[in-house]
Amino acid sequence: MKLLKANLTIIIAVSMVSAIGGLVFNTMPILLGTAGEAFGFNNAELGNLSLMAGVGYLAGTLTGPIWVDSFQWQKTALLIILAVVFSFLVSMRIPGEYIYYGFLIFGFFCALAIALAMRVLADMPDPERAYGTRLSVELLSIGIFLVFLPAFFVSKAGFTGAMFGMALFTMLLGIGVFAFPKHSSSKTAEKLKGFPSFRQSGSSWSVLMIFTIYLLANVGLFFFLYIIAQKFSPTDAQNGMMFGVLKWLGGGAGVLGAIIGARAGLRMPHLYAFIILLLGVTGLLTAKNFTFFMISSWVWEFGFTLGCLYQTAAIVRFDISNKLVVLVPMSFGISMIFGGKIAGRLLEEGSENILYVLVILCSFLPSVFIFLTKPRLAEESF
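If you count the sequence shown from 1, position 59 lands on 228 in my numbering, and the numbers rise without skipping.
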């Protein structure tokens, strides 16, 4: 039972810290593009770079069960924020042959930030609204940052400028730590040590696994969206506009989910999200100019983000412990490792269309599971 009263100030504060964790993922297309230009990496090598960030992200996530309910949340959040800033500043000075370790390190600390935020929000009484607000705050703020990142930081100092901009933005988002809660108020989470078994929360475990597959393809596409778009020779300002608006629309999807909550039901939203995503991917596949490609990327992002929101909420709703949601960043970590690697290899072999088909197939799985298995809520099961 979720006993923590939904408080907008707390949700926004936690969402700001969550946005720090989301930086490594949401800025990856630009980071890969600037790293490729700075160090002369090809697409396969850039795939390895995203793999290292994913390894760090996954490692950080897997430590979550050890500490997430063991220490005072506010102090832990502050330490994580400082570590993220430090990791970005260090990465500014790392030479090309060692930059893989820089991605590993900031991937690790970013994962700690988002794992903590996901656990805190799991105590809120309405998962769709809590995680919808989180997505809107995270993506709208990062969307604004992505407009300035290419135009002001990358254009002046390339990859080094990108790292410096990331450090500054992390400090700005870190203000949220001052309204961060200190401890959990979930009695169930306190009683249940570790994660629930598959028998206790089988539907939640299943959604988590399907969500990982969903992310594999979509994250791979997202990481190389910047590189794919370069075939249209866009300017830095156009790149900034594409990714800035893309994240604003992703934030808009979060706002929509937060407003609607569970009123649209627990199953149909998954199908709606897939249909929107399908329209966007089809546009990317058939685009003949940058404007059409850019608009299609926005449609895809809106559907993709809605899918992320409702699958994350489903993990919470089908879980008796509120703890499995801590593993959502693990899914992102796995997708960063293998999604970027797969996408990089496909693009290196000239198989861009196969990547789009893979995205469509993997994105249809959540709807299939929800409609065919009709999983029960945790309250109904126990």
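Think of the CB as a built atom: it goes at the ideal place given N, C-alpha and C, for glycine as much as any other residue.
Own chain residues within Cβ distance below 8 Å of residue i, not counting five before or after
{"i": "residue 395", "result": "198, 199, 201, 202, 408 and 412"}
{"i": "residue 333", "result": "257, 258, 261, 322 and 326"}
{"i": "residue 357", "result": "For residue 357, the predicted model reports a pLDDT of 48, less than 50, meaning its position is unreliable and no value from the coordinates is stated."}
{"i": "residue 516", "result": "212, 393, 396, 397 and 524"}
{"i": "residue 175", "result": "Confidence in residue 175 is poor, its pLDDT being 47 and thus under 50, which makes the residue's placement too unreliable to answer from."}
{"i": "residue 263", "result": "270 and 271"}
{"i": "residue 531", "result": "382, 383, 385, 386 and 387"}
{"i": "residue 537", "result": "none"}
Counted within 10 angstroms of its Cβ, other Cβ atoms place residue i as buried (16 or more) or exposed
{"i": "residue 298", "result": "buried"}
{"i": "residue 294", "result": "exposed"}
{"i": "residue 282", "result": "buried"}
{"i": "residue 479", "result": "buried"}
{"i": "residue 539", "result": "buried"}
{"i": "residue 178", "result": "exposed"}
{"i": "residue 307", "result": "buried"}
{"i": "residue 142", "result": "There is simply no residue 142 to check, as the chain begins at 170 and stops at 551 in what is shown."}
{"i": "residue 460", "result": "exposed"}
{"i": "residue 497", "result": "buried"}
{"i": "residue 463", "result": "buried"}
{"i": "residue 542", "result": "exposed"}
{"i": "residue 390", "result": "buried"}
{"i": "residue 218", "result": "buried"}
Element boundaries [alpha helix (DSSP H), containing residue i]
{"i": "residue 422", "result": "405-429"}
{"i": "residue 256", "result": "242-261"}
{"i": "residue 523", "result": "521-542"}
{"i": "residue 176", "result": "Looking at the DSSP string, residue 176 is not in any alpha helix (DSSP H), and its letter there is neither H nor E."}
{"i": "residue 289", "result": "268-290"}
{"i": "residue 322", "result": "Per DSSP, residue 322 belongs to no alpha helix (DSSP H) and is neither H nor E."}
{"i": "residue 510", "result": "509-517"}
{"i": "residue 480", "result": "459-486"}
{"i": "residue 454", "result": "437-455"}
{"i": "residue 344", "result": "No alpha helix (DSSP H) holds residue 344; DSSP gives it neither H nor E."}
{"i": "residue 501", "result": "497-503"}
{"i": "residue 493", "result": "Counting along the chain, residue 493 falls outside any alpha helix (DSSP H), and DSSP gives it neither H nor E."}
{"i": "residue 397", "result": "394-398"}
Contacting residues, own chain, Cβ-Cβ under 7 Å from residue i (five flanking each side not counted)
{"i": "residue 445", "result": "468, 471, 472 and 475"}
{"i": "residue 447", "result": "529"}
{"i": "residue 514", "result": "213 and 216"}
Supposed close pair residue i, residue j - CB separation, criterion 8 Å
{"i": "residue 246", "j": "residue 186", "result": "5 Å"}
{"i": "residue 367", "j": "residue 374", "result": "5 Å"}
{"i": "residue 284", "j": "residue 237", "result": "6 Å"}
{"i": "residue 318", "j": "residue 336", "result": "Contact doesn't hold; Cβ gap of about 12 Å is too wide."}
{"i": "residue 225", "j": "residue 273", "result": "4 Å"}
{"i": "residue 505", "j": "residue 222", "result": "6 Å"}
{"i": "residue 534", "j": "residue 383", "result": "6 Å"}
Same chain, Cβ closer than 6 Å to residue i, neighbours up to 5 away in sequence not counted
{"i": "residue 483", "result": "376"}
{"i": "residue 324", "result": "405"}
{"i": "residue 315", "result": "412, 413 and 416"}
{"i": "residue 310", "result": "188"}
{"i": "residue 190", "result": "279, 282 and 283"}
{"i": "residue 485", "result": "291, 296 and 494"}
{"i": "residue 301", "result": "423, 426, 427 and 478"}
{"i": "residue 527", "result": "386"}
Which full runs of the alpha helix (DSSP H) of 4+ residues lie inside the region 187-244, going along the chain?
197-208, 212-231 and 233-236
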